[in-house]
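A.B. asks:
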Amino acid sequence: LICRADFMHALENDIKPAFGVSKDEFDSYISNGIIVWGQPVTDVLEEGQLRIRQTMKSEMTPLVSILIEGPPNSGKTALAAHIALLSKFPYLKFCTAQTMLGFSELAKCQQLKKIFEDAHKSTLSCVVVDELESLLEYAPVGPRYSNNVLQTLKLLLKRLPPKGRKLLIIATATHRDILEQLGLLPSFSKVIHLSNMSSGKHILHVLNEIEHCFNDNEMRILEKKLHDKKVWIGIKSLLDLIEVARQADENARVLRFLTQLEEIAGMT
Ligand code: ATP
Ligand code: MG
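In terms of the numbering used here, the sequence shown has 18 at position 7, counting the first letter as 1, and numbering is strictly consecutive.
1) From which residue to which residue does the beta strand (DSSP E) around residue 204 run?
2) Who are the near neighbours of residue 177 in its chain, counting only those whose CB is closer than 6 Å to its CB and skipping five residues on each side?
3) Could you have a look at residue 7 and say whether DSSP puts it in helix, strand or coil?
4) Please say whether residue 116 and residue 159 have beta carbons closer to each other than 8 Å?
5) What is the DSSP secondary structure of residue 100, reduced to helix, strand or coil?
6) Could you check if residue 207 is buried or exposed, using at least 16 other CB atoms within 10 Å of its CB as the buried criterion?
7) Exposed or buried, which one is residue 81 when buried takes at least 16 other CB atoms within 10 Å?
8) Decide yes or no for the touch test of the stretch 101-108 against the stretch 206-222: beta carbon pairs closer than 8 Å, at least 3 of them.
9) Is residue 191 near ligand 2 - that is, is its Cβ less than 7 Å away from at least one heavy atom of it?
10) Taking all protein chains shown into account, do 16 or more other C-beta atoms lie within 10 angstroms of the C-beta of residue 64, making it buried, or fewer, making it exposed?
11) May I ask whether a heavy atom of ligand 2 can be found less than 7 Å away from the beta carbon of residue 142?
12) Can you tell me whether residue 139 sits near ligand 1, meaning its C-beta is under 7 Å from at least one heavy atom of the ligand?
13) Between the Cα of residue 151 and those of 180, 221, 162 and 189, spot the shortest distance and give me the residue it belongs to.
14) In the structure shown, what three-state DSSP assignment does residue 208 receive?
15) Would residue 8 and residue 203 qualify as a contact pair, given that the criterion is a beta-carbon distance under 8 Å?
16) Going by DSSP in three states, residue 183 sits in which element: helix, strand or coil?
17) If you follow the beta strand (DSSP E) that residue 135 is part of, which residue opens it and which one closes it?
18) Take the Cβ of residue 213 as the centre, count every other Cβ of all protein chains shown within 10 Å, and call the residue buried at 16 or more, exposed below.
19) How about residue 55 and residue 179: are their beta carbons less than 8 Å apart?
20) Out of curiosity, what's the CA-to-CA distance linking residue 121 and residue 184?
21) The alpha helix (DSSP H) with residue 255 in it runs from where to where?
22) Please report the straight-line C-alpha distance between residue 98 and residue 58, rounded to a whole angstrom.
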């Protein structure tokens, strides 16, 4: 006998939404979690929460779009995916040039258009548009970019969802000045800057949060060396360094980590 409980179980476990795939894809962009290492992360998360609420509650703004802009490896993609998941909206979609490799300009535009049209069918939707420069095929030599993709994005960023539907767009980019020149910035309700880690304290925060990395003794040395230093490094680069140090021989790893950190983060 099949009863209601079976249907509910299937809904929970077996049936994937027809469009707006999957938490798994979003999780894959947050492979190392989110470590709140300092104020810049808190600021982005707070703005994200605020915009989620605005999308849900406000009658006047059915379309809310934010741009997270920051240096390479600063954690833009992971934060964008994280905020999208926080929204718990029923339609979530991640657009990235990575899954459009080899697409013609026209195919890219059509794919983008389709994603937004599907988003407009759900009452609450969140679309992440990752690495705007890559989608635009931007190259500094020339400079060159796809004007077709640019015009398509501009229109899609402006198109209001039908009555009663709401859409939150979270985009990421590395070069604010380029988007400014292309006239894309005014398309966003809010541009948020994400900074690199700038102090030794930020790094220590990450080290303290990651387990099985350095032992207590090593941490004491690192704290002495780092607590008053200025640095400049993205979270993704730091996590790489930590991973390398982890593989290294125990008696060499602190020194090795500090040397590499100095090289990449320019400690003063
Ligand atoms: P790129 O410039 O190559 O696009 P990015 O700025 O998009 O890089 P991500 O790809 O988001 O960087 O990489 C960030 C990595 O750091 C992810 O693995 C994520 O899980 C991890 N991470 C840990 N803490 C944070 C944080 N506070 N913010 C963002 N990412 C974090
Ligand atoms: Mg990225």
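Using N, Cα and C, we set each Cβ at its ideal position, and we do this for glycine too.
C.D. replies: Reading it off the structure:
1) It spans 201-204 - the beta strand (DSSP E) in which residue 204 sits, taken as one unbroken run.
2) Taking C-beta separations shorter than 6 Å and ignoring five residues to either side along the sequence, the partners of residue 177 in its chain run 66, 73 and 135, following chain order.
3) Outside the modelled stretch of the chain, which goes from 12 to 279, sits residue 7, for which no answer is possible.
4) It is a contact, given that the beta carbons lie within the stated cut-off.
5) Residue state, collapsed to three classes: coil.
6) By the C-beta density criterion, residue 207 is buried, having at least 16 other C-beta atoms within 10 angstroms.
7) Label assigned to residue 81: buried.
8) No, the stretch 101-108 does not touch the stretch 206-222.
9) Flag unset: Cβ of residue 191 not near ligand 2.
10) That one is exposed.
11) Under cutoff, so the answer is yes.
12) Judged by the Cβ position, residue 139 fails to qualify as a neighbour of ligand 1 at the 7 Å threshold, every heavy atom of the ligand being at least this far.
13) If we check each option's Cα against that of residue 151, 189 comes out closest.
14) Under the three-state reduction of DSSP, residue 208 is assigned to strand.
15) The question about residue 8 has no answer, for the chain in this structure spans 12 to 279.
16) It is a strand residue.
17) Taken as a continuous stretch (DSSP letters only), the beta strand (DSSP E) holding residue 135 covers 135-140.
18) Counting Cβ neighbours within 10 Å, residue 213 comes out buried, since at least 16 surround it.
19) In this structure, residue 179 does not lie closer than 8 Å to residue 55 by Cβ.
20) Cα to Cα, residue 121 sits roughly 21 Å from residue 184.
21) Annotation for residue 255: the continuous alpha helix (DSSP H) segment containing it runs 246-258.
22) Distance between the alpha carbons of residue 98 and residue 58: 12 Å.
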